[in-house]
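As structure tokens, the structure follows; a few thoughts come after it.
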Amino acid sequence: MEVTSAGRECTSENIRYVESRSSLEKHYEIRDLIGRGNFSYVFYAVRNKDGKKCALKVLLILVLFRFSFYLYNLEEIDRQQLRGKWFFIENEVEIMLMCSHPNICRLVDAFKTNVRYLLVFEYAQDLALFQVRLCDFGLACTVLGPLYRVCGTPTYCAPEILNESGYGFAVDVWSLGVLLHVMLVGFAPFRSTDRIRLFRLITSGKIHFELPEWKGITPKARDLLRRMLCMNPMKRILPSEIPSHAWITSFGHTEQTG
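Position in the sequence shown counted from 1, then plus 55, gives you our numbering.
This is the structure we're talking about:
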């Protein structure tokens with residue numbers, strides 16, 4: 056997927072400060088609650104100036120931060136950590152403002168109060184199953200060199216992330232390989248309820264093709280999986296090479312996307 060610049064300067068100045076709901080309602084009419092999570096609510100909203108349908112996501116900063124107290128057994132508020140929470144949200148906002156692609160849910164506007172961030176997205180209504188829209192960029196960053204931040208769902212993490220040896224875009228191919236494994240046989244290639252053991256399994260890279268679930272899976276499918284779950288990221292298959300792999304082309308689908 057190629058993501059192009061929307062031509063908008065990305066700084067925290069793009070996030071406007073509002074004092075109250077009434078201040079926000081000068082710009083948007085807030086209607087029904089359409090979803091909620093542990094740290095946020097999503098409302099259906101309409102932009103006043105042109106009637107554009109939007110989804111308003113309200114992030115509750117203090118709730119998010121208090122969850123960190125519970126998760127990490129913190130005893131008092133660390134203002135430096137609180138600023139860190141703000142940084143990651145503002146970083147996500149700035150990256151989304153740069154992204155312009157039909158498969159990305161576009162960020163229309165952003166506001167903040169003393170205790171909330173209010174993110175306004177385009178309203179994705181009545182989309183079909185295969186009309187995919189990406190909308191969560193919480194771990195996104197601008198890549199200028201090798202990355203070292205350990206992040207992601209452990210089951211889908213590439214070994215170079217866990218080894219903290221520096222990583223690049225090849226980790227996404229690994230994660231797709233794990234997903235392909237799940238799609239083919241119904242479970243992930245590396246599984247354990249013990250996180251340390253899970254990490255050891257991932258860094259071993261052993262795929263158990265001898266299991267009965269692999270009976271009937273074609274050699275071409277296995278080959279693609281091996282190349283996606285290659286331990287050496289430099290030898291791992293490239294994203295651009297996957298559509299032309301023999302297993303993919305065997306389905307006769309030649310349409311190019313992204």
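Here a beta-carbon is modelled for each residue, glycine too, at the ideal position from N, C-alpha and C. Remember, it's a predicted structure, so these values are computed and weren't measured experimentally.
Using alpha carbons as the reference points, say which of the options lies closest to residue i.
{"i": "Gly223", "options": "Thr210, Leu202 and Ile251", "result": "Leu202"}
{"i": "Phe185", "options": "Leu88, Ile257 and Pro157", "result": "Pro157"}
{"i": "Gly221", "options": "Tyr99, Gly241, Val198 and Tyr211", "result": "Val198"}
{"i": "Asp227", "options": "Leu217, Ala213, Leu235 and Ala100", "result": "Ala213"}
{"i": "Ile159", "options": "Val101, Val187 and Val148", "result": "Val187"}
{"i": "Glu268", "options": "Gly207, Val237 and Pro288", "result": "Val237"}
{"i": "Phe142", "options": "Leu162, Tyr172, Asp164 and Ala179", "result": "Tyr172"}
{"i": "Thr258", "options": "Ser295, Cys196, Leu111 and Phe245", "result": "Phe245"}
{"i": "Gly106", "options": "Leu88, Arg91 and Lys81", "result": "Lys81"}
{"i": "Ile262", "options": "Glu296, Ser77, Trp229 and Ile85", "result": "Trp229"}
{"i": "Ser346", "options": "Leu88, Thr168, Thr304 and Gly92", "result": "Outside the shown range of the chain (56 to 313) lies residue 346, about which nothing can therefore be said."}
{"i": "Arg250", "options": "Arg86, Thr208, Pro294 and Thr304", "result": "Thr208"}
{"i": "Cys231", "options": "Pro294, Phe264, Val170 and Cys190", "result": "Checking the displayed sequence, the identity of residue 231 turns out to be Leu instead of Cys. Of the listed residues, the one whose Cα sits closest to Leu231 is Pro294."}
Is it buried or exposed, residue i, if we count other Cβ atoms within 10 angstroms and call 16 or more buried?
{"i": "Ala183", "result": "exposed"}
{"i": "Glu215", "result": "buried"}
{"i": "Phe242", "result": "exposed"}
{"i": "Cys154", "result": "buried"}
{"i": "Leu266", "result": "exposed"}
{"i": "Asp164", "result": "buried"}
{"i": "Leu280", "result": "buried"}
{"i": "Lys100", "result": "According to the sequence provided, residue 100 is Ala. The question's Lys does not apply to it. Ala100 comes out buried."}
{"i": "Leu79", "result": "buried"}
{"i": "Leu152", "result": "buried"}
Does DSSP put residue i in a helix, in a strand, or in coil?
{"i": "Lys275", "result": "helix"}
{"i": "Thr258", "result": "helix"}
{"i": "Gly232", "result": "helix"}
{"i": "Ser295", "result": "helix"}
{"i": "Ala165", "result": "strand"}
{"i": "Val237", "result": "helix"}
{"i": "Met100", "result": "Before going on, a small fix: residue 100 reads as Ala here, not Met. Three-state DSSP puts Ala100 in a strand."}
{"i": "Ala282", "result": "In the sequence on display, residue 282 carries Arg and not Ala. Three-state DSSP puts Arg282 in a helix."}
{"i": "Ala61", "result": "Residue placement at Ala61 is flagged as unreliable, the pLDDT there being 38, under the threshold of 50; the coordinate-derived value follows with that caveat. Correct three-state label for Ala61: coil."}
{"i": "Arg188", "result": "coil"}
{"i": "Leu394", "result": "Beyond the ends of the chain as shown, which are 56 and 313, falls residue 394; an answer cannot be given."}
{"i": "Tyr211", "result": "helix"}
{"i": "Ser155", "result": "strand"}
{"i": "Leu88", "result": "strand"}
{"i": "Val379", "result": "The structure shown has nothing for residue 379, since the chain only spans 56 to 313."}
{"i": "Arg71", "result": "strand"}
{"i": "Leu202", "result": "strand"}
{"i": "Ala110", "result": "strand"}
{"i": "Ile132", "result": "Bear in mind that the predicted position of Ile132 carries a pLDDT of just 46, short of 50, making it unreliable; the figure below should be weighed with that in mind. In this structure, Ile132 counts as coil in the three-state DSSP scheme."}
{"i": "Ser220", "result": "coil"}
{"i": "Ser95", "result": "strand"}
If you measure from the CB of residue i, is any heavy atom of the ligand NAP nearer than 7 Å?
{"i": "Ala225", "result": "Ligands displayed in this structure: none; no statement on the ligand NAP is therefore possible."}
I'd like to know whether the C-beta atoms of residue i and residue j end up nearer to each other than 8 Å.
{"i": "Met286", "j": "Ile292", "result": "no"}
{"i": "Phe192", "j": "Ile150", "result": "yes"}
{"i": "Thr71", "j": "Tyr83", "result": "Note on identity: in this sequence residue 71 is Arg, with Thr being the wrong assignment. In this structure, Tyr83 does not lie closer than 8 Å to Arg71 by Cβ."}
{"i": "Val233", "j": "Thr210", "result": "yes"}
{"i": "Phe94", "j": "Leu114", "result": "yes"}
{"i": "Ala225", "j": "Pro288", "result": "yes"}
{"i": "Val205", "j": "Leu111", "result": "no"}
{"i": "Arg161", "j": "Glu147", "result": "no"}
{"i": "Phe254", "j": "Leu217", "result": "yes"}
{"i": "Ser247", "j": "Leu235", "result": "no"}
{"i": "Gln180", "j": "Lys104", "result": "no"}
Are the segment 274 to 284 and the segment 300 to 308 touching, with three or more C-beta to C-beta distances below 8 Å? Counting Cβ pairs under 8 Å, three or more are found: they touch.
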